[in-house]
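These notes are about the structure you will find just below.
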Amino acid sequence: MQMTPLRHIASINDLTNEEIAAVFDTAQSFLDTLGDPHIPHRIARGAELANGMMLATLFHEPSTRTRLSFESAMNRLGGRVITSADPATSSTAKGESLADSVRVVSNYADLIVIRHPRDGAARLAAEYAHIPVINGGDGAHEHPTQTLCDLFTLKKKNTSLRGLNIAIAGDLRGSRTIHSFVYALARFGANLVLMPAKGLELPAHVDRRLREEFRCTMAKPPAEAGETNVDALYVTAKEPHQLSLIPEALDIHVKLTSRIDAVYVTRFQKEREPGRNYGAYPTVDAEFLKDAKYAKASVMHPLPRVGELAHALDTDARASYFEQASYGVPIRMALIAMSLGLVKDKSLARFPGGFATTKGAHYEDSARIGLRCRNPNCITHDPLEGSTTRNLFALVPAPTSSKSVLRCHYCETDIDTFIVGDKANRKVQHDAEAIHNMTTKDLTQFVMFTDATVAKESGFT
Numbered sequence: 013m014q015m016t017p018l019r020h021i022a023s024i025n026d027l028t029n030e031e032i033a034a035v036f037d038t039a040q041s042f043l044d045t046l047g048d049p050h051i052p053h054r055i056a057r058g059a060e061l062a063n064g065m066m067l068a069t070l071f072h073e074p075s076t077r078t079r080l081s082f083e084s085a086m087n088r089l090g091g092r093v094i095t096s097a098d099p100a101t102s103s104t105a106k107g108e109s110l111a112d113s114v115r116v117v118s119n120y121a122d123l124i125v126i127r128h129p130r131d132g133a134a135r136l137a138a139e140y141a142h143i144p145v146i147n148g149g150d151g152a153h154e155h156p157t158q159t160l161c162d163l164f165t166l167k168k169k170n171t172s173l174r175g176l177n178i179a180i181a182g183d184l185r186g187s188r189t190i191h192s193f194v195y196a197l198a199r200f201g202a203n204l205v206l207m208p209a210k211g212l213e214l215p216a217h218v219d220r221r222l223r224e225e226f227r228c229t230m231a232k233p234p235a236e237a238g239e240t241n242v243d244a245l246y247v248t249a250k251e252p253h254q255l256s257l258i259p260e261a262l263d264i265h266v267k268l269t270s271r272i273d274a275v276y277v278t279r280f281q282k283e284r285e286p287g288r289n290y291g292a293y294p295t296v297d298a299e300f301l302k303d304a305k306y307a308k309a310s311v312m313h314p315l316p317r318v319g320e321l322a323h324a325l326d327t328d329a330r331a332s333y334f335e336q337a338s339y340g341v342p343i344r345m346a347l348i349a350m351s352l353g354l355v356k357d358k359s360l361a362r363f364p365g366g367f368a369t370t371k372g373a374h375y376e377d378s379a380r381i382g383l384r385c386r387n388p389n390c391i392t393h394d395p396l397e398g399s400t401t402r403n404l405f406a407l408v409p410a411p412t413s414s415k416s417v418l419r420c421h422y423c424e425t426d427i428d429t430f431i432v433g434d435k436a437n438r439k440v441q442h443d444a445e446a447i448h449n450m451t452t453k454d455l456t457q458f459v460m461f462t463d464a465t466v467a468k469e470s471g472f473t
């Protein structure tokens, strides 16, 4: 009998809204039965649910909260943990690929949590593991389990996520927590007020997904609003608006900024761009929060903080970041238990869908003569993974046009400008509409190139 594929969680979008709700229900049940009676957001006792099972934490980047909360979660469940927390002391330092490491560790444990500096590393690990893999943060791509903690915190503070106005400040370009977070907020019907540091705006491919796949309406604050720190507003699809006229855009701006339900701030991700200085950076302090619109706003931060969140706020009733961090244990207990099939009727252990069987066409250039992922930090560009990755893209049709984009299978960065080479006649077509709505089989007839010059070098004219 053929078994359904293993469940891996590389992206927050590998979980449905219903599954996320089930994670929250399971986490709450652990808090109810194992929680500290004096500190309601703290797990204080253990169980035997995962007795005899092993978690492997493979961390190729520094971590405090994610690694320790996962390890605490497994121990609280009655399981055990093995860890590799420093790549300098692992076989990576000898030149071992991530793919080989994962294949080996799959024989030592029942579940792998991975953190890696390369975007898309979690998805690569999932391709080679024969046990479930959970993404503990991969480059600037995503951090899905942090998002579960963030959403759970918001849910505890509010009766529903729908209709909440969430201000997001700081490094929106390099923060993987932000990328997972905005996808999830859009899916659950929250509105986004983006307040990035200059030059650190949301990546273009994240913006495109919010608008085209999650059906958000994006508006820039009109000049008469007088806003200097808001870059963009995203309204969820349940609240349709027409933004062609300035007064309507102003109405949206007033609606989204007159009441802020939570402020989510992140540090500058200096490890993504060492040596670069982007100047002024948003700071959340008492002065920032004195505006009436923040009167009841929860202040959230994934931590660590390095100056962008004032310590003086720690005693403010709106400060939620330490509670947010403490939810890492029950949330990750729930995710571990469900991934291992330990929770009745709430198993994530195996499944018939998810990214393992993504619908739609895929384009693969196995000969590697055409375009490559344009994200320089993608795992496909890691020298150690040259023979373990595939030059694979999903063909994603734009919902409002006949143009498609190519989305990297690993890091999910989109390529929206390319030309198409026909293998049959060695001719190029500059109009990418030629491949719109094609099947995977149809796409084997073509090679995609960055431009005509590169195509010509490969014999296509």
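Per the numbering used here, the very first residue in the sequence shown carries number 13; after that it's consecutive. Idealized CB from N, CA, C, for every residue including glycine. Since the structure is predicted, the reported quantities are computational estimates derived from the model, not experimental observations.
Excluding sequence positions up to five away, which residues of its chain have a Cβ less than 7 Å from the Cβ of residue i?
i	result
E504	Because the chain in this structure spans residues 13 to 473, residue 504 falls outside the shown range and cannot be described.
G47	R54, I55, A56
S84	V341
A196	I24, T159, L163
How many angstroms separate the CA atom of residue i from the CA atom of residue j?
i	j	result
N474	A322	Outside the shown range of the chain, which is 13 to 473, sits residue 474, and nothing can be said about it.
L214	P208	8 Å
P74	D98	8 Å
Y293	E320	7 Å
H155	T171	24 Å
K358	S41	13 Å
M66	S23	23 Å
A444	A346	44 Å
V432	S399	25 Å
A464	A446	16 Å
A100	E285	21 Å
A329	T451	54 Å
Q254	E139	Reliability fails at Q254, whose pLDDT of 41 lies under 50, so the model's placement of it is uncertain and no value is given.
S81	Q158	11 Å
G182	K435	46 Å
E31	N437	48 Å
H448	E469	25 Å
Q457	A379	13 Å
F334	S310	12 Å
G64	L206	45 Å
G372	L301	45 Å
I348	E283	29 Å
If you compare alpha carbons, which of the options is closest to residue i?
i	options	result
L455	L407, H442, V466	L407
A121	T95, I21, A446, D131	T95
V194	Y276, K267, L301, I126	Y276
T38	I343, I190, K169	I343
G186	A202, F164, L212, S192	L212
R279	N289, I272, D273, R271	N289
N25	T462, V247, E424, K453	E424
Tell me whether residue i sits in a helix, a strand or coil according to DSSP, three-state version.
i	result
N29	helix
A324	helix
R380	coil
C385	coil
L18	strand
A8	For the chain, the structure presents residues 13 to 473; residue 8 sits outside this window and is missing.
H393	helix
F42	helix
Y375	strand
E335	helix
P259	Interpretation of P259 is limited by its pLDDT of 41, a score under 50 that renders its predicted location unreliable; no figure is taken from the coordinates.
A329	coil
G151	coil
G107	coil
G365	Note that G365 scores a pLDDT of 46, beneath 50, so its modelled location is shaky; the value from the coordinates is reported in the next line. The answer is coil: DSSP assigns G365 none of H, G, I, E or B.
Report all residues from its chain with a CB closer than 6 Å to the CB of residue i; omit the five preceding and five following residues, and keep chain order.
i	result
L418	F405, I427
L18	P144
T28	none
A134	A22, I126, N147, D150
R4	The shown model of the chain, from 13 to 473, leaves out residue 4, and the question about it has no answer.
S338	H53, R54
H191	E154, V218
K169	S310
Short of 8 Å in beta carbon distance, which residues of its chain neighbour residue i, apart from the five on each side in sequence? Order them along the chain.
i	result
A324	D297, A298
K167	F36, L173
K232	D243, A244, L245, A261
S256	Confidence is the limiting factor: at S256 the pLDDT is only 35, short of 50, which leaves the residue's position unreliable and the question unanswerable from this model.
For chain D, check one thing: does any of its Cβ atoms lie closer than 8 Å to the Cβ of residue i?
i	result
T452	Note that chain D does not occur in the displayed structure, where there is just one protein chain.
Using a threshold of 7 Å, is the CB atom of residue i nearer than that to any non-hydrogen atom of the ligand SAM?
i	result
N63	The ligand SAM is not part of the structure shown, which contains no ligands of any sort.
Start-end ranges of the alpha helix (DSSP H) lying completely within the stretch 167 to 251, minimum 4 residues: Segments of the alpha helix (DSSP H) lying fully in the stretch 167 to 251: 188 to 199, 216 to 220.
Any beta strand (DSSP E) of 3 or more consecutive residues that is wholly inside the stretch 400 to 450: 404 to 409, 416 to 420, 431 to 434, 439 to 441
Any chance you could list the alpha helix (DSSP H) runs of at least 4 consecutive residues sitting entirely within the stretch 117 to 145, in chain order? 133 to 140
What are the uninterrupted segments assigned as alpha helix (DSSP H) that are 4 or more residues long and contained completely in the stretch 50 to 98, given in chain order? 77 to 88
Just list the alpha helix (DSSP H) runs in the stretch 289 to 317, keeping only unbroken ones of 4 residues or longer that don't cross its boundaries, in chain order. 298 to 301
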